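Right, one structure below, let's go through it.
In this note's numbering, the protein residues as written are 829 to 929.
Written out as structure tokens, the structure reads:
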């Protein structure tokens with residue numbers, strides 16, 4: 829039982845306390861005003877985009893698609909007033925925002 833508690837404690841610490849590999853990139857995207865709209869509860873493409881960030885996704889400015897009229901494709905990124913539909917590569921997001929990966 830003690831070993832199980834120790835494993836859970838270590839896992840919890842590593843997940844919440846240690847930085848994710850894309851924390852700075854995700855923070856930069858948000859700082860630059862990039863917003864990702866999608867349907868994370870059921871859309872596999874939105875889920876896939878989020879999974880690319882791993883635990884760093886918590887820093888992405890994410891909103892449900894219902895918060896923006898005219899969403900036809902999920903996910904949709906809005907950056908500098910322009911819409912970028914479908915899953916975007918980190919290279920594309922970096923190029924648009926000048927955020928380093």
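C-beta: ideal position from N, C-alpha, C; glycine also. Model, not experiment: these values are computed from the prediction.
Residue environment, residue i, which counts as buried when at least 16 other CB atoms sit within 10 Å
| i | result |
| --- | --- |
| residue 893 | buried |
| residue 846 | exposed |
Bridge partner(s) assigned by DSSP for residue i
| i | result |
| --- | --- |
| residue 866 | 892 |
| residue 913 | 904 |
Start-to-end residues for the alpha helix (DSSP H) that takes in residue i
| i | result |
| --- | --- |
| residue 873 | 872-881 |
| residue 907 | Where residue 907 is concerned, there is no enclosing alpha helix (DSSP H), although the beta strand (DSSP E) it sits in stretches over 904-907. |
| residue 857 | 851-859 |
Beta carbon of residue i nearer than 9 Å to that of residue j
| i | j | result |
| --- | --- | --- |
| residue 851 | residue 887 | yes |
| residue 913 | residue 904 | yes |
| residue 854 | residue 925 | no |
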